[in-house]
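Q: This is the structure I have questions about; it appears just below.
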Amino acid sequence: MISSAAFSDTLERDRELDLFAHRSHFPALEVKNRSYFNFGGQGVLCRAALDAIARNFQHIETQGSFSNAAGHWMMSEYNATKVAIAQEFQVDPTTITLTENTTVGCNIALWAIDWQQGDRLLLSDCEHPGIIASAVQIQKRFGIEIDYFPLTNTHNASAEGKSSEAVVELLLQHLQPNTRMVMLSHICWNTGQVLPLKAIAKACHARNVLVAVDAAQSVGVLPLNLDEIAADFYAFTTHKWWCAPLGLGALYIRPEIFDEIEPVFVGWRGLTGKTPIPQWRQDGAKFEVASSTYALYEAMRIAIAYANNWGTQQQRYERICQLSQILWQRLNDLPHISCIRQLPPESGLVSFRVDREISKSAIAQQSHSSIAQQLESEHQIFIRALPDPDCLRASVHYLTSISDIDRLISIIETFA
Ligand SMILES: Cc1ncc(COP(=O)(O)O)c(C=O)c1O
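So the sequence shown is numbered by our numbering: it starts at 2 and just counts up by one.
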């Protein structure tokens, strides 16, 4: 694990200088005395992406909104965007369905199979409320059973080694003979725990169980090869760690299952254009519906290009872990703070509690959500409170600087 001191090494200090040059392209990070730790909620847009949004809306008007020229331009944007996303995951663009956000992608996955009464769906107990709601609707509609496996009990497990095997084992213990799908997050939104997804997918496939993944917190954080991981569905948004505009998400569907699944919401985007209707396109478009905000697509590609320009997926992930481990260590050194995980973080999410028994300060006696509000209004430190576990969550990005961490720690120190 890297210590704060390691960051004063020349190499690392130079990298910090590089970072500040790179950060100057992100207006939200240029605001004086502001420290942004909410990448797990939403990222920040670079100036070139912001400009592209305005320019592309203008371009459509200039071409003539429903003109052939604008139509061709929109289709080329659409194709280029799928290519750009697919390239990040080393998969074919035909495996990509464009959506608006993670939750739509998870819904497509959850509703795509022909559920029969008595079938079972296995969720972890750390899933996001929108995903649980969708599962409960499927339960009501088809009379399936939902099981939960207690991932919370393993929040100190690593994604590598023996403890990762224990996570897979725990999940397998909760599969029933008629479990048809497991739905789980690649990175837990509340603890930052990374799940051993490749091993989970392998073990589930050996039992004929589909694996659907909520990747809201992993895309833009982990280096990803979706072919190798082999999950059946991988649903994500681009507006968090990828720092793309709100309103653009995607879903990867493993080609091997394409013929076994069906869309629920459909529209012209999924059709070949031939009669008799419907004749489906044999790619991710089958699960898309109709008109979208094509003017946003270039901004998303720009966001990905900016990240890649700074460093490879592996280099960005390593920096995220170095920084989140520094933050975690410094929080651990404060007697009035308890980190939720006992292990150094393997992702950018660092969750911690202010211990009201130990701290005597007035602010520490307040709820975590009031603490988060005060950090924002009084110090321009953006961090979120979580309901379960009741805590604060800081998201550390490759764009985070050591001085952001210093500022956060120096304020939290005053809560003693
Ligand atoms: C794990 C997880 N799933 C789903 C969501 C919802 O994301 P979206 O708004 O992209 O659907 C979030 C957002 O915070 C999340 O952290």
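All C-beta atoms in this analysis are idealised placements derived from N, C-alpha and C, irrespective of residue type, glycine included.
In this structure, how does DSSP classify D148 when only helix, strand and coil are distinguished?
A: The answer is strand: DSSP assigns D148 an E or B state.
Q: For the beta strand (DSSP E) that T98 lies in, which residues bound it at each end?
A: It spans I97 to T100 - the beta strand (DSSP E) in which T98 sits, taken as one unbroken run.
Q: Following a CB-centred definition, is N102 positioned closer than 7 Å to any heavy atom of ligand 1?
A: Yes.
Q: If we count the other Cβ atoms within 10 Å of its Cβ and call it buried at 16 or more, is S292 buried or exposed?
A: Exposed is the call here.
Q: Whole angstroms is fine: what's the gap from V32's alpha carbon to E379's?
A: Between V32 and E379, the C-alpha separation is close to 15 Å.
Q: Just checking I132 against ligand 1 - is the residue's beta carbon closer than 7 Å to any of the ligand's heavy atoms?
A: Yes, since a heavy atom of ligand 1 falls inside the 7 Å radius drawn around the Cβ of I132.
Q: What number of angstroms, rounded off, separates the C-alpha of R181 from the C-alpha of S165?
A: One C-alpha to the other measures close to 23 Å.
Q: Can you round the beta-carbon distance between V168 and P130 to whole angstroms, since I take them to be within the 8 Å contact cut?
A: Actually they do not touch by this definition, with Cβ atoms about 22 Å apart.
Q: Give me, in chain order, the residues of the same chain whose beta-carbon lies closer than 7 Å to that of E377; leave out the 5 immediate sequence neighbours on both sides.
A: Closer than 7 Å at the Cβ level, and outside the excluded window around E377, lie F383.
Q: Give a single yes or no on whether H175 has its beta carbon closer than 7 Å to a heavy atom of ligand 1.
A: For ligand 1, not one heavy atom lies less than 7 Å from the Cβ of H175.
Q: Is the beta carbon of D19 sitting closer than 8 Å to the one on T103?
A: It is not a contact, given that the beta carbons lie outside the stated cut-off.
Q: By how many angstroms is the C-alpha of D260 removed from the C-alpha of Q280?
A: Whole-angstrom Cα-Cα distance: 14 Å.
Q: Among all the DSSP beta bridges, which residues are the ones paired with A213?
A: A213 is bridged to M184 and F234.
Q: C205 by DSSP, collapsed to three states: which one?
A: The answer is helix: DSSP assigns C205 an H, G or I state.
Q: Can you name the residues that DSSP bridges to L272?
A: DSSP, once it has assigned bridges, lists W281 as partnering L272.
Q: Please identify the residue among H398, E89, S404 and L350 whose C-alpha is closest to the C-alpha of C392.
A: It is L350.
Q: In three-state DSSP terms, what is G106?
A: G106 falls in the helix class under three-state DSSP.
Q: Could you give the DSSP three-state label for F40: helix, strand or coil?
A: Of the three classes helix, strand and coil, the one that applies to F40 here is coil, per DSSP.
Q: DSSP three-state call for L225: helix, strand or coil?
A: Looking at L225 - three-state DSSP - the assignment turns out to be coil, as it is neither helix nor strand.
Q: Have a look at K287 and D115 and give me their C-alpha separation to the nearest angstrom.
A: Approximately 17 Å between the Cα atoms of the pair.
Q: For S125, write down the residues that DSSP places opposite it in a beta bridge.
A: Answer by DSSP bridge pairing, in chain order: F150.
Q: Excluding the five sequence neighbours on either side, which residues of its own chain have a C-beta within less than 6 Å of the C-beta of A386, listed in chain order?
A: Correct list, in chain order: H369, S370, A373 and L393.
Q: Determine the DSSP secondary structure at Y419, reduced to helix, strand or coil.
A: Nothing can be reported for residue 419, as the shown portion of the chain is limited to 2 through 417.
Q: Return the CA-CA distance between A306 and Q88, expressed in angstroms with no decimal places.
A: Roughly 11 Å separates the two Cα atoms.
Q: May I ask you to check if the CB of D389 is nearer than 7 Å to at least one heavy atom of ligand 1?
A: No.
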